[in-house]
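If you count by my numbering, then the sequence shown holds residues 44 to 266, one letter each, in order.
As structure tokens, the structure follows; a few thoughts come after it.
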Amino acid sequence: MMKRMRNDEHKVQKRQAMGEQLKLGGITDTGVLEAFMTVQRHLFVDASHRTFAYNDCAWPIGYGQTISQPYTVAFMTTLLVERCPSGKVLEIGTGSGYQAAILDALGYQVFTIERIPELYEMAGRALDSMGITVARRLGDGTLGWEEEAPFEGIIVTAAAPHEPLTLMGQLAEGGVMIVPIGDFGCQRMTVIRRRGDRFEYEYFQGFAFVPLCGREGWPDDNG
Ligand code: SAM
44 MMKRMRNDEH
54 KVQKRQAMGE
64 QLKLGGITDT
74 GVLEAFMTVQ
84 RHLFVDASHR
94 TFAYNDCAWP
104 IGYGQTISQP
114 YTVAFMTTLL
124 VERCPSGKVL
134 EIGTGSGYQA
144 AILDALGYQV
154 FTIERIPELY
164 EMAGRALDSM
174 GITVARRLGD
184 GTLGWEEEAP
194 FEGIIVTAAA
204 PHEPLTLMGQ
214 LAEGGVMIVP
224 IGDFGCQRMT
234 VIRRRGDRFE
244 YEYFQGFAFV
254 PLCGREGWPD
264 DNG
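Below, the structure is given as structure tokens:
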């Protein structure tokens with residue numbers, strides 16, 4: 044019992060340290076920082092990486108995929124929160140389920156799509172074990188989730204070779220998509236906002252994501 048309590052306190056301290064690190068990196072939104080304090084990242088990483096779960100690093104989650112670095116998740120989440128503080132949000136690339144849990148902690152109605160069956164199952168188990176209920180789908184996220192559209196926000200957590208047109212069509216009026224666009228080595232974080240029949244673009248710093256594979260992404264054999 045005592046050991047468990049010490050362990051929990053230790054995790055809280057690690058989350059606080061991660062929060063401080065994020066602040067140093069320029070993440071200042073209090074809601075976002077609180078979500079990072081709430082969600083237990085160590086439960087989304089493989090047991091072999093658990094000790095380091097709160098380091099500002101991406102970790103392998105199997106099948107050639109990663110749980111993104113906390114700074115990356117915080118940066119994308121901040122872009123979303125500042126432009127779209129509530130509503131329906133679709134995440135493409137469930138991966139470990141961590142980003143979905145952060146969005147849930149912020150009060151969004153979350154929908155998430157993963158293309159790799161094993162990761163879809165794994166993330167489902169992790170989210171269920173924490174009592175986090177988000178709508179999940181197995182499939183090609185580049186095609187979106189038409190029955191649930193339109194979305195106030197879409198967050199693509201894999202590298203798109205170009206603007207994902209079908210997803211853009213599933214944005215609500217005024218809705219925003221956060222998507223890294225570029226080649227395999229580096230992508231520019233891009234915000235696309237729907238204004239009637241037009242789309243407005245904002246560009247931010249570079250990141251390195253695993254590829255978005257699918258009909259409107261990279262060919263499948265890159266995944
Ligand atoms: N958001 C994840 C998290 O919090 O752990 C990290 C995502 S990982 C960097 C990218 C994920 O996108 C991988 O799990 C990959 O299988 C998935 N992915 C790539 N292309 C996809 C597609 N077309 N549809 C759905 N998921 C896709």
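Backbone N, C-alpha and C define an ideal beta-carbon position, used for all residues, glycine too.
{"Check": "Reduced DSSP secondary structure (H/G/I, E/B, other) of GLY212", "Outcome": "helix"}
{"Check": "heavy atom of the ligand SAM below 7 Å from TYR141 C-beta", "Outcome": "yes"}
{"Check": "Near the ligand SAM: GLU24 beta-carbon under 7 Å from a heavy atom", "Outcome": "Residue numbering for the chain in the displayed model covers 44 to 266; residue 24 lies beyond these limits and cannot be assessed."}
{"Check": "Contacting residues, own chain, Cβ-Cβ under 6 Å from PRO223 (five flanking each side not counted)", "Outcome": "ALA202, GLN230, MET232, PHE250 and PHE252"}
{"Check": "Buried/exposed call for GLN108, threshold 16 Cβ in 10 Å", "Outcome": "buried"}
{"Check": "Where the beta strand (DSSP E) containing GLN152 begins and where it ends", "Outcome": "152-157"}
{"Check": "Option in GLY196, LYS57 and ASP89 with minimal Cα separation from LYS131", "Outcome": "GLY196"}
{"Check": "Sub-8 Å separation of VAL124 and GLY62 beta-carbons", "Outcome": "no"}
{"Check": "Cβ-heavy atom distance, GLN213 to the ligand SAM, below 7 Å", "Outcome": "no"}
{"Check": "Start-to-end residues for the alpha helix (DSSP H) that takes in GLN142", "Outcome": "141-148"}
{"Check": "Any non-hydrogen atom of the ligand SAM closer than 7 Å to LEU255 Cβ", "Outcome": "yes"}
{"Check": "Whole-angstrom distance between PRO113 and LEU65, CA atom to CA atom", "Outcome": "8 Å"}
{"Check": "GLU206 beta carbon less than 8 Å from that of ILE235", "Outcome": "yes"}
{"Check": "Contact check, GLY138 vs ILE156, beta carbons under 8 Å", "Outcome": "no"}
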